[in-house]
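Novice:
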Amino acid sequence: MKTSPLAPKPNRLATPWTDWYRKPRLLALLQLVRTRRRLYRDNLFDTYAPAERDAQRSYAALPPRPPDAEHVRAIDGTYNDLQDPLMGASRRLRFGRNTPWRSGASRPDHHRLLSPNPREVSRRLMTRDRFRPVPSLNLIAAAWIQFMTHDWFSHGPVAWDNTAHYEIPLSPDDPLRKKYRVAAMSVPASLPDPAKRPGPHYPPTAHLNENTHWWDACQLYGADPAVAKSLRAHAGGRLLLDRDGRLPVDGLLGVEKTGFRRNWWVGLSILHELFAREHNRICAMLEESHPAFSDQKLYDTARMINAALIARIHTLEWTPAILPNPTLATAMRANWS
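As numbered in this note's numbering, residues 278 to 614 make up the sequence shown, in order.
#1: Rounded to whole angstroms, what's the CA-CA distance from residue 404 to residue 398? Just pull it up for me.
#2: May I ask you to report which of helix, strand or coil DSSP gives residue 356?
#3: Answer with buried or exposed for residue 352, where buried requires no fewer than 16 other C-beta atoms within 10 angstroms of its C-beta.
#4: Does the segment 548 to 566 come close enough to the segment 507 to 518 to have 3 or more Cβ pairs within less than 8 angstroms?
#5: Which class does residue 486 belong to by DSSP, given the choice of helix, strand or coil?
#6: I'd like the ranges of any alpha helix (DSSP H) spanning at least 4 consecutive residues and lying wholly in the segment 366 to 397.
#7: Just the C-alpha distance for residue 610 and residue 590, rounded to the nearest angstrom, thanks.
#8: Whole angstroms are fine: how far does the CA of residue 597 sit from the CA of residue 606?
#9: Below 8 angstroms on the Cβ atoms is my guess for residue 544 versus residue 420; work out the distance and round it to an integer in Å.
#10: Which residue's Cα is closest to the Cα of residue 582: 307, 459, 348?
#11: What does DSSP give as the partner residue(s) for residue 620 in the beta ladder?
#12: Could you check the C-alpha separation between residue 594 and residue 321 for me, to the nearest Å?
#13: Would you kindly check if the distance between the Cβ of residue 494 and the Cβ of residue 572 is under 7 angstroms?
#14: Between the alpha carbons of residue 551 and residue 391, how many angstroms are there, rounded?
#15: Can you tell me whether residue 347 is helix, strand or coil according to DSSP?
#16: Among 497, 533, 569, 565, which has the Cα closest to the Cα of residue 587?
#17: Output the distance between the C-alpha atoms of residue 608 and residue 313, rounded to the nearest integer angstrom.
#18: Under the three-state reduction of DSSP, which class applies to residue 516: helix, strand or coil?
#19: Apply the 10 Å Cβ neighbour rule to residue 447 and answer buried if 16 or more other Cβ atoms are within range, or exposed otherwise.
#20: Thinking just about the alpha-carbon of each residue, which of 303, 295, 328 is nearest to the one in residue 316?
#21: Please return the same chain residues whose Cβ sits closer than 8 angstroms to the Cβ of residue 402, not counting the five positions on each side in sequence.
#22: Going by DSSP, which residues form a beta bridge with residue 533?
#23: From residue 518 to residue 366, what distance separates their C-alpha atoms?
#24: For residue 607, report the span of its alpha helix (DSSP H) as first-last.
#25: If you follow the alpha helix (DSSP H) that residue 499 is in, where does it begin and where does it stop?
#26: So, does the segment 408 to 426 touch the segment 532 to 549, judging by three or more C-beta pairs under 8 angstroms?
#27: Which same chain residues, not among the five before or five after residue 463, have their C-beta less than 7 angstroms away from its C-beta?
#28: With 16 as the cutoff for other CB atoms within 10 Å, does residue 553 come out buried or exposed?
#29: How far does the alpha helix (DSSP H) with residue 576 in it extend, from its first residue to its last?
#30: Taking 7 angstroms as the limit between beta carbons, can you name the residues of its chain near residue 575, skipping five residues before and five after?
#31: Would you please state the rounded distance, in angstroms, between the beta carbons of residue 485 and residue 342? I believe it to be under 8 angstroms.
#32: Which residues does DSSP pair with residue 424 in a beta bridge?
Here it is, written out as structure tokens:
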């Protein structure tokens, strides 16, 4: 069958933009650079309208710029970007979007949101029929990514009232249905931003981030000045540890006192204690090299070093372990450098 003379000619050089791992290293690296630029350009959308920025983002309540803002990260994430002091702050700012919002689109109703059933999707795609080992990983990898996401975002405390959760039906053969004798699993909804949207060109709802958006180890140090203060020993810049060098346990909750404690389990406990102790070791090193440093100076400097160490581990060790590809390892080293 003849093609129309108006039809575009096939481009023999064009390839899918996700096949970088099939190409020689140099071409793959160039494609990864192109992909990152494309994502920056086309997949980041602001959920604030220009007219509502000052009102909704509370610039009037912003404290004055600290004199050391160029050298120290604020606990609440303010002034990390000197051009936009509230960017990434923990003052309950909205999450951005990765897709544009179509004008006139509405929020899906309960039926549309649960079709297809997310539980069935999970069972079909993620149920293992046999053990499939991943030699480059161990259980710490799961703890690590949870430790990381607690640094970047949190939707805040969930609400269990009748209007803020979803009932996801369970099929008759679902193991959860048999084990707990329930017909549906209840999933709490994320709390929306209560502010009204300015017009049809913006989503009718948006959600707020409880943590700082920055890579600043707020899961360890806290994203609130009062919380951060309560975790410090207030001597030598150190974090508060007990006589055995362990994080003190909150007697009410039964878990360690640290910056972020939701979804707690032994994997998180290990990592929080490890990096709390690392912070204190960094303080000891700094104190020996710079005896004139104050408690605050030691704390701020050690926090930046510790956060950078965490970022380095994630970039150069965790990511290449998840995606064990020589080209990706090169790209991550270049990205870190």
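By construction, the Cβ of each residue, glycine as well, lies at the ideal position given by its N, Cα and C atoms. Only a predicted model underlies this, so the values are computations on that prediction, with no experimental measurement involved.
Specialist: On the basis of the supplied data:
#1: 10 angstroms
#2: In this structure, residue 356 counts as coil in the three-state DSSP scheme.
#3: buried
#4: yes
#5: strand
#6: 387 to 390
#7: So the alpha carbons of these two residues sit roughly 11 angstroms apart.
#8: 5 angstroms
#9: 3 angstroms
#10: 348
#11: Absent from the structure is residue 620, since the part of the chain shown begins at 278 and ends at 614.
#12: 27 angstroms
#13: no
#14: 40 angstroms
#15: coil
#16: The option with the nearest alpha carbon to residue 587 is 497.
#17: 11 angstroms
#18: strand
#19: buried
#20: When each option's Cα is compared against that of residue 316, the closest is 295.
#21: none
#22: 526
#23: 28 angstroms
#24: 603 to 613
#25: Looking at the DSSP string, residue 499 is not in any alpha helix (DSSP H), and its letter there is neither H nor E.
#26: yes
#27: 442, 444
#28: buried
#29: 572 to 590
#30: 513, 514, 560, 563, 564
#31: Residue 485 to residue 342, Cβ: 24 angstroms. No contact.
#32: Partner(s): none; residue 424 has no beta bridge.
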